[in-house]
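J.: Protein sequences, first through last, are from chains A and B.
Quick note on numbering: the first sequence equals residues 1 to 251 in the working numbering.
Quick note on numbering: the second sequence equals residues 1001 to 1222 in the working numbering.
Every residue gets a Cβ at the ideal spot worked out from N, C-alpha and C, and that includes glycine.
As the structure is a computational prediction, the values presented were derived from the model and not from experiment.
The structure follows.
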Amino acid sequence: MQTLTQRLANPTRFMALSARVLPWLAGLAVVLLAAGLVMALASPLDYQQGHAAKIMYVHVPTAWLSIMGYMLVAVSSFGLLVFRHPLADVSAKAAAPIGAAFTFICLVTGSLWGKPMWGAFWVWDPRLTSVLILFFLYLGLISLRSSIEDEALAGKLTAVLSIVGIVIVPVIKFSVDWNSLHQPASVMRLGAPTIHASLLWPLLVMAGGMMALFGALHLKGMRNEILRRRVKALRTVEVEASAGLARQPAE
Amino acid sequence: MSALSEVLRRDLVLAWREGGTVGVALGFYLIVVTMLPLGLGPDLKLLSRIAPGVLWVALLLAALLSLGRLFETDLEDGSLEVMATGPVPLEAVAAAKSLAHWLTTGLPLAVLAPILGLLLNLEPDAYAVLVATMLAGTPAISFIGAIGAALTVRTRRGGLLLALLMLPLFVPTLIFGISAIGAALTSSDAFGPSFLILSAISLASVALAPLAAAAALRLQLQ
């Protein structure tokens, strides 16, 4: 009996399954994000921050996803290096730019929120700094991959870097995390959330919507990457055939 | 073990006879530290306040400069493949070469730092702490940097890419180095913990980074 990940090692099977899942996931993302936005706008105003606190409903889910995206890249990289799963590299490659985009949105919404609250777009606060460094790590992954021509090698080297990164991310987080201007975590903590239910529900719906959006984008990115590789392999075969070379088996 | 010390000795001899890399790193360090007061203005109080940070950041940049060549020359002339097929594991070779890099770059830069501190009006109390934190922190720079050198060994314009990949990973070293100096100057009890964590980062990277560097090299030698 094969597990799901083993079955998905066959790209054709993955393409068939993802084609069926993708519209539902994308639809779920639209519905949840729409519902979440309505709930967020209808939620009670913060007595101090007023409307500015509504940024939270975008900011916090993207912050969670910036870290989950990195975990996805690292787990995929682990799958590539250890299990040599054929889709792991595709997954890592597709997840990196999406994770970087979510991290960027987190930084931008954070600084838009910071301007009215702290009086500055950017303060050298531990939380902000560690997210910024996470963003740089994403950029490093993307630029390392793009600077190596051999795609298989680029995938493996990027995987090594992302695993080094996952070792160091907690250290970075811990190193910059002394006394923070940023408020402490109020949902993802041990014990009950310290946030009121009227604010928590819209936040959770938004987070669910963002996760579905991330998943849909990631699946679409993986499908595009598989198709791109197929086109490339076909083209190589075509060029070799027309040049009268011995036909090499495609990847 | 003898093969390992041979790798170390060879790298040290190469660095000594070539002379270029160490000299360039030290020169770069000097120039960066000299440029800053020219950019910031000769306010001695300001310079004295920012001196530890400036010296640390300049040291990082100077060390990065020579990291790019750590494995490159050996890959070009084929000696890296000989080492990879030899009896010594590639992890140990990577560790020996990182150690050689520390001895030829990290160590001289750390020892030179007090002289540059004079230029920046560094407080007299800070000299000993500065050198101590740099000696404790620079091994992390050489060993973690070796991962980046291994990853970018085959890429063109590897130097800039190396900086992009590795500078984020140097953040903990930089932060704990600076916070140890800051704590020592304000004579708070935070010096001990900061210094110990800095040493821990160095020790952990000495133990773990060669594994990653060797993995990256092995992928490219196949």
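Closest Cβ-Cβ distance between A:Ile168 and chain B: below 8 Å?
T.: What you label residue 168 of chain A is simply residue 168 of the first sequence in a count that begins at 1. Yes, A:Ile168 counts as interfacial toward chain B.
J.: Are the C-beta of A:Leu107 and some C-beta of chain B separated by less than 8 Å?
T.: Numbered from its first residue, the first sequence carries residue 107 of chain A at position 107. No - not a single Cβ of chain B is within 8 Å of the one on A:Leu107.
J.: So, helix, strand or coil for A:Arg13, using DSSP?
T.: To locate residue 13 of chain A, count along the first sequence from 1; it is residue 13. Correct three-state label for A:Arg13: helix.
J.: Starting from B:Ala1216, find everything on chain A with Cβ-Cβ shorter than 7 Å and list it in chain order.
T.: Position 216 of the second sequence holds residue 1216 of chain B. Within 7 Å Cβ-Cβ: Leu157 and Val160.
J.: Could you run through the region 72-88 of chain A and flag, in chain order, every residue whose CB is less than 9 Å away from some CB of chain B?
T.: Hits within the stretch, in order: Leu81.
J.: Anyone know if the C-beta pair for B:Gly1231 and B:Leu1067 falls short of 8 Å?
T.: There is simply no residue 1231 of chain B to check, as chain B begins at 1001 and stops at 1222 in what is shown.
J.: May I ask which residues mark the beginning and end of the alpha helix (DSSP H) holding A:Trp113?
T.: For this step, residue 113 of chain A is matched to residue 113 along the first sequence. Run containing A:Trp113: Ala88 to Trp118, per the alpha helix (DSSP H) assignment.
J.: Could one say the Cβ of B:Ile1147 lies closer than 8 Å to chain A's Cβ atoms, at least one of them?
T.: As a first step, residue 1147 of chain B is located in the second sequence; it is residue number 147 there, counting from the start. Yes, its Cβ sits closer than 8 Å to a Cβ of chain A.
J.: Kindly list, in the order they appear in chain B, the residues whose Cβ is closer than 7 Å to that of A:Ser198.
T.: Position 198 of the first sequence, counted from the start, is the residue given in the question as residue 198 of chain A. None at all; the shortest Cβ gap to chain B is about 38 Å.
J.: Based on Cα-Cα distance, which residue from A:Arg235, A:Val167 and A:Gly140 lies nearest to B:Leu1164?
T.: In the second sequence, the residue the question calls residue 1164 of chain B occupies position 164. Here the closest residue by C-alpha is A:Gly140.
J.: Consult DSSP for B:Gly1068 and reduce its assignment to one of helix, strand or coil.
T.: Taking the second sequence and counting its residues from 1, the one referred to as residue 1068 of chain B is at position 68. In the structure shown, B:Gly1068 sits in coil (DSSP, three-state: anything other than H, G, I, E or B).
J.: Note down, in chain order, each residue of its chain lying with its Cβ closer than 7 Å to the Cβ of A:Ser198, except the 5 sequence neighbours on either side.
T.: Taking the first sequence and counting its residues from 1, one reaches residue 198 of chain A at position 198. Closer than 7 Å at the Cβ level, and outside the excluded window around A:Ser198, lie Ser43 and Pro44.
J.: By Cβ distance below 7 Å, which residues in the same chain neighbour A:Val205 in space, the five residues on each side in sequence not counted?
T.: Mapped onto the first sequence, residue 205 of chain A falls at position 205. Counting only Cβ-Cβ distances below 7 Å, and skipping sequence neighbours, we find Leu32, Ala35, Gly36 and Met39.
J.: Quick check: what's the CA-CA separation for B:Ser1194 versus A:Ala216?
T.: By one-based count along the second sequence, residue 1194 of chain B stands at place 194. By one-based count along the first sequence, residue 216 of chain A stands at place 216. The alpha-carbon atoms of B:Ser1194 and A:Ala216 are separated by roughly 43 Å.
J.: Please compile the residues from chain A whose C-beta is within a distance smaller than 8 Å of the C-beta of B:Ala1212.
T.: Taking the first residue of the second sequence as position 1, residue 1212 of chain B is located at position 212. Result: Val160, Ile163 and Val164.
J.: Thinking B:Val1153 and B:Glu1072 are a contact (beta carbons under 8 Å), I'd like their distance in whole angstroms, please.
T.: For the purposes of this step, residue 1153 of chain B is taken as the residue at position 153 of the second sequence. For the purposes of this step, residue 1072 of chain B is taken as the residue at position 72 of the second sequence. With a Cβ gap of about 6 Å, B:Val1153 and B:Glu1072 count as contacting.
J.: From the DSSP output, in three-state form, read off A:Ile168 for me.
T.: Translated into the one-based positions of the first sequence, residue 168 of chain A becomes position 168. A:Ile168 falls in the helix class under three-state DSSP.
J.: So, with DSSP's three-state summary, where would you put B:Ile1245?
T.: Nothing in the structure corresponds to residue 1245 of chain B, since chain B is present only between 1001 and 1222.
J.: For A:Leu144 versus A:Leu132, is the C-beta distance shorter than 8 Å?
T.: Translated into positions along the first sequence, residue 144 of chain A becomes position 144. Translated into positions along the first sequence, residue 132 of chain A becomes position 132. Not closer than 8 Å, so no.
J.: Anything in chain B within Cβ reach of A:Ile172, meaning under 9 Å, just list it in chain order.
T.: As a first step, residue 172 of chain A must be located in the first sequence, where it is residue number 172. The contacting residues are Pro1168, Leu1169, Val1171, Pro1172 and Ile1175.
J.: For B:Thr1105, name the three-state secondary structure that DSSP assigns.
T.: To locate residue 1105 of chain B, count along the second sequence from 1; it is residue 105. Of the three classes helix, strand and coil, the one that applies to B:Thr1105 here is helix, per DSSP.
J.: Any heavy atom of the ligand NAD closer than 7 Å to the Cβ of B:Gly1159?
T.: What this structure holds is no ligand at all, so the ligand NAD is not there to describe.
J.: Could you check where the alpha helix (DSSP H) with A:His59 kicks off and where it finishes?
T.: The residue labelled residue 59 of chain A in the question sits at position 59 within the first sequence. It spans Met56 to Phe78 - the alpha helix (DSSP H) in which A:His59 sits, taken as one unbroken run.
J.: How close, in whole Å, do the beta carbons of B:Val1054 and B:Val1033 come, if the pair is a contact with beta carbons under 8 Å?
T.: In the second sequence, the residue the question calls residue 1054 of chain B occupies position 54. In the second sequence, the residue the question calls residue 1033 of chain B occupies position 33. Contact flag correct, Cβ pair sits at about 6 Å.
J.: Which two residues bound the contiguous alpha helix (DSSP H) that contains B:Asp1011?
T.: As a working note, residue 1011 of chain B is residue 11 in the second sequence. Ser1002 to Glu1018 is the extent of the alpha helix (DSSP H) around B:Asp1011.
J.: With three or more C-beta pairs closer than 8 Å as the rule, is the region 1098-1106 of chain B touching the region 1002-1021 of chain B?
T.: Enough Cβ pairs lie closer than 8 Å, so yes.
J.: Residues of chain B with CB under 9 Å from A:Leu128, in chain order?
T.: Counting from 1 along the first sequence, the entry for residue 128 of chain A is found at position 128. Chain B residues near A:Leu128: none, gap ~13 Å exceeds 9 Å.
J.: Could you name the residues of the same chain whose beta carbon sits closer than 8 Å to that of A:Leu17, not counting the 5 residues immediately before and after it, in chain order?
T.: Translated into positions along the first sequence, residue 17 of chain A becomes position 17. Counting only Cβ-Cβ distances below 8 Å, and skipping sequence neighbours, we find Leu8.
J.: Of all the CB atoms in chain B, is at least one closer than 8 Å to the CB of A:Asn179?
T.: Taking the first sequence and counting its residues from 1, the one referred to as residue 179 of chain A is at position 179. Any answer about A:Asn179 is weak, because its pLDDT of 44 lies below 50 and its placement is not dependable; what the coordinates show is given next. No, its Cβ sits nowhere closer than 8 Å to a Cβ of chain B.
J.: For chain B, find out if any of its Cβ atoms is closer than 8 Å to the Cβ of A:Gly69; answer yes or no.
T.: Taking the first sequence and counting its residues from 1, the one referred to as residue 69 of chain A is at position 69. Cβ-Cβ to chain B under 8 Å: no for A:Gly69.
J.: Since I believe A:Gly114 is in contact with A:Gly69 (beta carbons under 8 Å), could you give me their beta-carbon distance rounded to a whole number of angstroms?
T.: One-based indexing of the first sequence puts residue 69 of chain A at position 69. One-based indexing of the first sequence puts residue 114 of chain A at position 114. Between A:Gly114 and A:Gly69 the Cβ distance is about 22 Å, and since that is not below 8 Å, they are no contact.
J.: Check this for me: beta carbons of A:Leu72 and A:Ala53, under 8 Å apart or not?
T.: Taking the first sequence and counting its residues from 1, one reaches residue 72 of chain A at position 72. Taking the first sequence and counting its residues from 1, one reaches residue 53 of chain A at position 53. Cβ atoms of A:Leu72 and A:Ala53: not closer than 8 Å.
J.: Which first and last residues belong to the alpha helix (DSSP H) in which B:Gln1222 is found?
T.: One-based indexing of the second sequence puts residue 1222 of chain B at position 222. Unbroken run through B:Gln1222: none, as it is neither H nor E.
J.: Do A:Gly155 and A:Leu128 come within 8 Å of each other at the CB atom, strictly closer than that value?
T.: In the first sequence, counting from the first residue as 1, residue 128 of chain A sits at position 128. In the first sequence, counting from the first residue as 1, residue 155 of chain A sits at position 155. No. Outside cutoff.
J.: I'd like to know whether the C-beta atoms of B:Leu1026 and B:Pro1108 end up nearer to each other than 8 Å.
T.: Position 26 of the second sequence holds residue 1026 of chain B. Position 108 of the second sequence holds residue 1108 of chain B. Cβ atoms of B:Leu1026 and B:Pro1108: closer than 8 Å.
J.: Excluding five sequence neighbours on each side, which residues of the same chain lie with their C-beta closer than 8 Å to the C-beta of B:Arg1218?
T.: The sequence position of residue 1218 of chain B within the second sequence is 218, counting from 1. Closer than 8 Å at Cβ, skipping near neighbours: Ala1084 and Leu1090.
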